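K.L.:
My questions all concern the structure below.
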Amino acid sequence: MILLLLGLALWSAAHLMPRLAPGLHDRLGRAARPVVAVGVLLGLWLMIRGYSGWDAAWHWSPPAWTRHLNNLMVLVAVYLYAASGMKTRVAVALRHPQLLGVTLWAAAHLLVNGHWAALVLFGGLGVWAVVEMAVLNARAPAPETPPPAPMGREIGAVAGAVVVFILIGLVHGWVGANPFGAMS
């Protein structure tokens, strides 16, 4: 549990440093990027080690249907990430599509994981994403809305999200639980 909590703290601190400690970020200059990257990667490694090493008790047993809702929510989260990078209409309409995607991804994983390690990991990442959005909103005014993207970008974001979602699901099944259920 300690590794998981340390990982969450390091992940959050590394992501929030540019906004909560702008003086330090400015003093570091070009060195800030590798410092943040190392903090994020080390935090991620600690979270993985802490999650996999925690023999956590179950606090509830999720119903079977939650797996389907989880997959739909994760697909939408992956789409939000793709839409953000491609500046689609959805990305333009939402202020923080990537962080909203992380929040949706975390909530989806809370639906299907009924043990304490999942509550700490996915709940912690969901809280971090919400805090990050609040800090960003408090620090910067709403940006000017750019013109909507062409329909080709919309289609590309949807198609890319479906492909990436399938790949994530396959890799997830190789290293952990199969999100698509038993495949024979």
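For the sequence shown, the numbering used here gives the first residue as 300, with consecutive numbering after it.
For glycine and all other residues, C-beta sits at the position ideal for the given N, C-alpha and C.
Computed from a prediction, not measured in an experiment: that's the story for all the values here.
Considering only C-alpha positions, which residue in the set 345, 319, 326 is nearest to residue 309?
P.N.:
If we check each option's Cα against that of residue 309, 345 comes out closest.
K.L.:
Are residue 360 and residue 413 close, meaning C-beta to C-beta below 8 Å?
P.N.:
Yes, Cβ-Cβ distance for residue 360 and residue 413 is below 8 Å.
K.L.:
Please classify residue 313 as buried or exposed, where buried requires at least 16 neighbouring CB atoms within 10 angstroms.
P.N.:
Buried.
K.L.:
In this structure, how does DSSP classify residue 358 when only helix, strand and coil are distinguished?
P.N.:
Residue 358: coil per DSSP, three-state reduction.
K.L.:
Is the stretch 462-475 touching the stretch 372-386, taking contact as three or more C-beta pairs under 8 Å?
P.N.:
Because the criterion of three Cβ pairs below 8 Å is met, the stretch 462-475 and the stretch 372-386 touch.
K.L.:
Distance, Cα to Cα, residue 404 vs residue 325?
P.N.:
Answer to the nearest angstrom: the Cα atoms are 32 Å apart.
K.L.:
Starting from residue 366 and walking both ways along the alpha helix (DSSP H), at which residues does that stretch end?
P.N.:
Residue 366 -> alpha helix (DSSP H) spans 365-385.
K.L.:
Can you give the beta carbon distance from residue 406 to residue 372, rounded, assuming they're within the 8 Å contact cut?
P.N.:
Indeed, because the Cβ distance is near 7 Å, the residues count as touching under 8 Å.
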